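Residue numbers for the sequence shown follow numbering that gives the first Met the number 0, so the first one is 0 and each next one is one higher.
By construction, the Cβ of each residue, glycine as well, lies at the ideal position given by its N, Cα and C atoms.
Given the structure is predicted, the values throughout are model-derived calculations rather than measurements.
The structure appears right after this line, and notes come after that.
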Amino acid sequence: MRNATRFADHRRGNLRPSRRHVAVRAAQNRRVRRGLGSSSMADAAGELRLRTPAGRWVLLATVLGSGMAMLDGTVVNVALERIGRDFGAGFTGLQWTVNAYTLTLASLILLGGSLGDRFGRRRVFLIGAVWFALASLMCGLAPNIETLIAARALQGIGGALLTPGSLAIISASFHGRDRGAAVGAWSGLGGIAGAVGPFLGGWLVGIDWRLVFLLNLPLAVLVIVVAIRHVPETRDPSAAPHLDVIGTVLAALGLGALTWSLTGLGSGTTPALLVGLVIGVLALVGFVVVERRSRHPLVPPDLFADRVFTAANVATLLIYAALGTVFVMLVMFLQVVSGFSPLQAGTALLPVTVIMLLFSARAGALAQRIGSRIPMTVGPLVSAGGLALMGRIGPDASWLVDVLPAVVVFGAGLSLTVAPLTSTVLDAASDRHAGAASGVNNAVARAAGLLAVAVIPGVAGITGDAYTDPVAFAAGYRVTVWIGAALLVTAALVSFVFVRTGRTSTPDAAADPDRFALERCPQCGIDGPLVHPADRADDTP
Numbered sequence: 000m001r002n003a004t005r006f007a008d009h010r011r012g013n014l015r016p017s018r019r020h021v022a023v024r025a026a027q028n029r030r031v032r033r034g035l036g037s038s039s040m041a042d043a044a045g046e047l048r049l050r051t052p053a054g055r056w057v058l059l060a061t062v063l064g065s066g067m068a069m070l071d072g073t074v075v076n077v078a079l080e081r082i083g084r085d086f087g088a089g090f091t092g093l094q095w096t097v098n099a100y101t102l103t104l105a106s107l108i109l110l111g112g113s114l115g116d117r118f119g120r121r122r123v124f125l126i127g128a129v130w131f132a133l134a135s136l137m138c139g140l141a142p143n144i145e146t147l148i149a150a151r152a153l154q155g156i157g158g159a160l161l162t163p164g165s166l167a168i169i170s171a172s173f174h175g176r177d178r179g180a181a182v183g184a185w186s187g188l189g190g191i192a193g194a195v196g197p198f199l200g201g202w203l204v205g206i207d208w209r210l211v212f213l214l215n216l217p218l219a220v221l222v223i224v225v226a227i228r229h230v231p232e233t234r235d236p237s238a239a240p241h242l243d244v245i246g247t248v249l250a251a252l253g254l255g256a257l258t259w260s261l262t263g264l265g266s267g268t269t270p271a272l273l274v275g276l277v278i279g280v281l282a283l284v285g286f287v288v289v290e291r292r293s294r295h296p297l298v299p300p301d302l303f304a305d306r307v308f309t310a311a312n313v314a315t316l317l318i319y320a321a322l323g324t325v326f327v328m329l330v331m332f333l334q335v336v337s338g339f340s341p342l343q344a345g346t347a348l349l350p351v352t353v354i355m356l357l358f359s360a361r362a363g364a365l366a367q368r369i370g371s372r373i374p375m376t377v378g379p380l381v382s383a384g385g386l387a388l389m390g391r392i393g394p395d396a397s398w399l400v401d402v403l404p405a406v407v408v409f410g411a412g413l414s415l416t417v418a419p420l421t422s423t424v425l426d427a428a429s430d431r432h433a434g435a436a437s438g439v440n441n442a443v444a445r446a447a448g449l450l451a452v453a454v455i456p457g458v459a460g461i462t463g464d465a466y467t468d469p470v471a472f473a474a475g476y477r478v479t480v481w482i483g484a485a486l487l488v489t490a491a492l493v494s495f496v497f498v499r500t501g502r503t504s505t506p507d508a509a510a511d512p513d514r515f516a517l518e519r520c521p522q523c524g525i526d527g528p529l530v531h532p533a534d535r536a537d538d539t540p
């Protein structure tokens, strides 16, 4: 009778909780606020607040994780001249030092996001951090250019697991009201890492270029420790039951064969290179066929049925092809021809990142008032003018008089372009395909840089040991600059003809925090897609 009465009181809410129960719940709440322990991390998934210690730990882990991959994309360019000199490598070897990383990253980044959704974002993020660290160690200890290229390819695999996971973890872990601010903080801090990268790389290369890769080891250890202790595990319960392995293999084979063939064609045509071109084209055609027939495609085919979405990605391809070429060639030119130290050359592109951080959000707001067509037309034209100024840099160049004005104009054009471009991509896709649209645009941007570095130097006559001859390299550099300018002008024409003149939509921060955050994040389209609120789920820690 007493037990029945207690049960009835409990059902009616009349029974006061015991002191032990209150103490246990208070302890659990403290652990959630502090982000300690696996159980607290499970409870905190989707409910973290940015101003709490738990939220700051998650932000730290994701910023450092994506920052490692970002640093490697910038600091290696500064080291290329020293790497080539130490290994006695030709320019093809230096191209592959850049492209081996980009190839595996671009080919696998969509699969990396799918793996996180299915098997756990924290788990895949941690595997990526460990993998990236081991590959960085191999890069730092490489005895020859061939080993370095192989290790760079392995680095790209780690980056494909690490990069999309960082943004997905933030989107899945933070409360809806804080998610936009968390993504903004992640973007800003990541932008600072990108800005510091060339400066840090130039300083490290002045000591020993191997430190550029070995720097990742302590960063990776910190990422792993923080992620294990403080990052909640999340999965997508509606994730596809089967991974698109065939599509991934075909994409990697197609990009790899094309990159290998196009890189080699700069030195002459051979039957093997022509066979490689055919294999690459057939593999990419096969990828399109597989995606159209797959029940769970990496790239939803109906995305490209929208003319504006297709045009925005064509513009992305052209813009990032120019961007990838400039970031490699200018830094090498300043060292080989103008006599800049690695530190001076590394800081040459610093104003681009600073300008992007300061003005990209304003450009996005402008596009919401007047539409994306004008910014996406004017921006590439301004950047093309910056490249024209870069073509005037000579052997006796001054950083303040010759380099800085060109870089500022180039960066101003990019800051006017990137945010409206992201908004256009998202506006052209349905809400259910917003994440996929961002991921596709991400892959297109990376593939653009990959193919540009493979093709443009050879077209400009920079092959073999030409990069060691200041006169020959200067001539080839000017050709690459004008090719880049032509690509940007073409991107402006594509935008003017195909992008709508109407205003872009203005997402509500409370109703759709993911889309709101993504459209205000200038680097999100490059670092990986967000997940939707419905995708946030905690299965098992």
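Take the Cβ of N143 as the centre, count every other Cβ of all protein chains shown within 10 Å, and call the residue buried at 16 or more, exposed below. exposed
For L242, three-class secondary structure by DSSP: coil
Nearest residue (CA-CA) to V225, options W56, V62, D305: W56
Residues in the same chain with beta-carbon distance under 7 Å from A490, minus the five sequence neighbours each way, listed in chain order, please. A314, L317, I318, P379
Inter-residue CB distance, V74 and L199 (contact presumed, cutoff 8 Å): 6 Å
Excluding sequence positions up to five away, which residues of its chain have a Cβ less than 7 Å from the Cβ of D243? Apart from sequence neighbours up to five positions away, the residues of its chain that approach D243 with a beta-carbon distance below 7 Å are S293, H295, P296, L297, ordered along the chain.
Which residues in the same chain as V307 place their Cβ atom closer than 8 Å to its Cβ, once the five residues preceding and following it in sequence are excluded? T423, D426, A427, F497, V498, R499
Verify whether the separation of the beta carbon atoms of P469 and P394 is less than 8 Å. Taking 8 Å as the Cβ cut-off, P469 and P394 qualify as a contacting pair.
D177 and L49 - do their beta-carbons sit closer together than 8 Å? yes
Thinking C-alpha only, which one of A256, A465, V182 is nearest L276? A256
Restricting to runs no shorter than 4 residues, where is the alpha helix (DSSP H) found entirely within the stretch 321-345? 341-345
By DSSP, does V287 sit in helix, in strand, or in coil? helix
To the nearest angstrom, report how far apart V336 and H229 are at their CA atoms. 48 Å
Would a C-beta distance cut-off of 8 Å place V488 and A383 closer than the cut-off? Between V488 and A383, the gap from beta carbon to beta carbon is short of 8 Å.
Would you mind working out which of N98, G267, V182 sits nearest G460, comparing C-alpha positions? G267
Is it the case that the Cβ atoms of R81 and V204 are separated by a distance below 8 Å? yes
Check whether the stretch 355-365 and the stretch 412-420 touch, using three or more Cβ-Cβ pairs below 8 Å as the test. Yes: the two stretches touch, three or more of their Cβ pairs being nearer than 8 Å.
Could you check the C-alpha separation between G139 and F332 for me, to the nearest Å? 24 Å
Can you tell me the Cβ-Cβ gap for N76 and S135, rounded? I've got them flagged as a contact below 8 Å. About 16 Å separates the two Cβ atoms, so there is no contact after all.
Here's a check: name, in chain order, each residue in its chain whose Cβ is nearer than 7 Å to the Cβ of V452, leaving out the five neighbours to either side. So the qualifying residues of the chain are Q94, V97, N98, G323, T324, V327.
Please state whether DSSP places R391 in a helix, a strand or coil. The answer is coil: DSSP assigns R391 none of H, G, I, E or B.
Tell me the rounded alpha-carbon separation between I278 and A149. So the two alpha carbons sit approximately 22 Å from each other.
4 or more residues per run - each alpha helix (DSSP H) lying fully within the stretch 252-323: 270-292
Going by C-alpha to C-alpha distance, which of L107, G87, F90, I126 sits closest to V546? Because residue 546 is not part of the residues shown, which for the chain are 0 to 540, the question remains open.
Once you ignore the five residues that flank L63 on each side, which residues in its own chain have a CB closer than 8 Å to its CB? L218, L221, V222, V225
Can you tell me the Cα-Cα spacing of V66 and W481, whole angstroms? First, the residue type needs correcting, since residue 66 is Gly and not Val in the sequence shown. Approximately 31 Å between the Cα atoms of the pair.
Element boundaries [alpha helix (DSSP H), containing N76]: 52-86
Would you call A304 buried or exposed, if buried means 16 or more other Cβ atoms sit within 10 Å of its Cβ? exposed
In the DSSP output, which residue or residues are listed as bridge partners for F173? L47
Any heavy atom of the ligand ATP within a distance shorter than 7 Å of the CB on A347? By its list of ligands, the structure shown contains no ligand whatsoever, and the ligand ATP lies outside what it can speak to.
Does the separation of the CB atoms of L272 and S260 fall below 8 Å? yes
Inter-residue spacing [alpha-carbon to alpha-carbon] between L399 and L342: One C-alpha to the other measures close to 15 Å.
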